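Here the structure is laid out as structure tokens; the discussion comes afterwards.
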Amino acid sequence: MTEVLGLVFVAWLVYVSDAVWWIKPDRIVLYGPAGCKLGAQLGPRFVLRGSSGLFIPGLFPTFHMHFEVDATSGAAQRTKERDIVAVAEQACAAARRLHQLATILWVHCFVLAPALLVTFGLRRVWIFIIVGLFGGAVVIIGFFARAWRFLYPSDSPGWKREVLPMVLSPFAAICAADTLTRPLFLSFNGLAVVRALATREDFLRIVRFYYFRDDPNPAVHALLARDFEDAVRTPPARAGMEMEGYCPRCHTQLTRLTGTCPECLDIEIVPFDAITPSGGPSDRFQSAARH
Ligand SMILES: [Zn+2]
């Protein structure tokens with residue numbers, strides 16, 4: 006029993022190390038079920054070095070879609086919402102079969118194999134477990150290659166490079182759909198992709214982050230903020246009457262009126278009473294927003 010638990014634990018560690026990926030602070034990961042508005046995570050979930058760190062996707066079935074975009078990509082990058090939605094739909098269709106196969110392989114590795122090991126012992130079932138593991142990975146690689154050639158026609162042979170980790174560790178095949186879809190939008194304007202695919206709440210949170218700061222790409226963000234400017238400047242719902250001010254960038258609420266945000270450092274606090282009775286921001290708010 007202890008040996009079985011040890012084997013499953015090692016397998017789980019290998020699987021987790023294959024599933025997580027390194028992410029830089031200006032990268033945004035879009036995640037969620039296919040066909041729905043996606044969540045958007047700016048930068049890593051676990052910061053490890055500088056502002057970079059790890060993104061950890063869902064490790065249990067059912068598996069979700071993941072796209073990664075660059076928040077600072079230039080104005081010349083593709084921005085058309087119709088194109089973005091069409092590419093996302095193609096990716097979801099291509100990833101669906103990989104997700105189904107990944108679920109079967111996951112169940113084989115982490116449910117069926119441990120149950121068989123406990124019931125019949127390693128000597129009687131090891132061949133079944135190994136054949137299932139490598140057989141499952143080979144089938145997934147086959148579907149991955151076909152889907153890659155369809156989604157990346159200008160980089161058709163690139164699938165060979167991408168499947169190398171799956172050849173070395175069959176557990177990586179469980180994450181094949183992420184490997185397939187993650188880089189799909191790197192040639193697009195990152196914030197335009199977030200606008201098209203993410204929830205409005207997550208889009209506004211990320212746009213605020215770039216809008217209220219000295220921006221290396223002001224044209225891009227002015228373009229994106231134009232239709233959303235009022236929403237970007239809308240204050241958060243006041244959490245309590247003791248809250249005197251808030252950060253226009255991260256919406257942290259504070260019990261003081263002045264100074265800078267403890268999270269964003271160079272962003273000045275905006276008083277809640279800066280909002281005029283008509284609902285529009287006062288001059289003071291406008292002045293804080295320009296910084
Ligand atoms: Zn802040």
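When we follow my numbering, the leftmost residue of the sequence shown carries the number 6, and every step to the right adds one.
Note that beta-carbon positions come from the ideal geometry of N, C-alpha and C, so glycine has one too.
Here the structure is a predicted model, which means the values were calculated and not measured.
Within the DSSP bridge table, the entry for residue 26 names 60 as partners. Beta bridge pairing from DSSP links residue 276 with 250. In the DSSP annotation of this structure, residue 117 is not part of any beta strand (DSSP E), being labelled neither H nor E. Residues 43, 44, 69 of the same chain have their beta carbon placed closer than 6 Å to that of residue 37, with the five preceding and five following residues left out of the count.
The alpha carbon of residue 163 has as its nearest neighbour, out of 185, 172, 180, the alpha carbon of 185.
Here residue 272 is not near residue 263, since their CB atoms are 8 Å or more apart. With a 10 Å radius around the Cβ and a threshold of 16 neighbouring Cβ atoms, residue 179 comes out buried. Burial is judged here by how many other beta carbons sit within 10 angstroms of a residue's own beta carbon; residue 15 has fewer than 16 and is exposed. Here the distance from the Cβ of residue 101 to the nearest heavy atom of ligand 1 is not below 7 Å. Shown here, residue 193 sits in a strand according to DSSP, grouped into three states. C-alpha of residue 270 to C-alpha of residue 190: approximately 31 Å in a straight line. With a cut-off of 7 Å, the C-beta of residue 239 is classified as distant from ligand 1, since no heavy atom of the ligand falls inside that distance.
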